[in-house]
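Peer 1:
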Amino acid sequence: MNLQNQDIKIGKTIDELVEGETFSLSETIKNREILLYLGLTNDDNPLYSQYDYVKELGLTKPVVPTALIFGIITSTINKHLPGPGSHVVNVNLNLIEKIFRNDLLSFNFEIIKIDTNKDFVTINIEIVRNDERIADAIVLVQPPLKDQNVPTTSTSSEDLNG
């Protein structure tokens, strides 16, 4: 691995991962995150923001956009398990119950399969609210490669614009 800057962190390579390895975190999705999502995506679904609308549907508060749940999952994979340099290639997300703003959620990640021939790991994620499973996901991830060249931390506008 060619590290030009020793401050750059690389996640675990496929040889460093173990089936059964876990990582957990708790998150509360607040109004701020929902408003940022709505502003960035121009998504105007009233299910995510309007209390009067959701009350007409028999709900007590707006629903969290699915993309935010997906974002927490991929961000956790990219930060923690396997970590920086990981690439999510497939996600199967199953929402069993609606997730509402200000719900305290526990995300439990577990590596359930390692395929060293194809350099992929399969991660199972269980999402829990008040000790009840409300969602789950299966994610196929390519961990950082052993010989991956890591760029320096300096970024030019050309790097950002492609």
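Under this note's numbering, the very last position in the sequence shown is 165; numbers go up by exactly one each time. Ideal Cβ positions, reconstructed from N, Cα and C, are used throughout, including at glycine.
Would you call residue 68 buried or exposed, if buried means 16 or more other Cβ atoms sit within 10 Å of its Cβ?
Peer 2: buried
Peer 1: Pick out whichever of 135, 133, 143 has its Cα sitting closest to the Cα of residue 125.
Peer 2: Just measuring C-alpha positions, the residue of 135, 133, 143 sitting nearest residue 125 is 143.
Peer 1: Under DSSP, the beta strand (DSSP E) around residue 45 begins and ends at which residues?
Peer 2: Element bounds for residue 45: n/a, residue is neither H nor E.
Peer 1: In three-state DSSP terms, what is residue 93?
Peer 2: strand
Peer 1: Quick one: what does DSSP say residue 67 is sitting in, helix, strand or coil?
Peer 2: coil
Peer 1: Let me make sure I understand the geometry here. Which of 118, 26, 101 has the alpha-carbon closest to that of residue 146?
Peer 2: 118
Peer 1: Measure the alpha-carbon distance for residue 74 versus residue 36 and round it to whole angstroms.
Peer 2: Residue 74 and residue 36 have their alpha carbons spaced roughly 11 Å apart.
Peer 1: Going by CA-CA distance only, name the one from 52, 99, 109, 47 that's closest to residue 76.
Peer 2: Closest by alpha carbon: 109.
Peer 1: How would you label residue 54, buried or exposed, when you count the other beta carbons within 10 angstroms and need 16 or more for buried?
Peer 2: exposed
Peer 1: Using the rule of at least 16 other Cβ atoms within 10 Å of the residue's Cβ for burial, across every protein chain shown, is residue 52 buried or exposed?
Peer 2: buried
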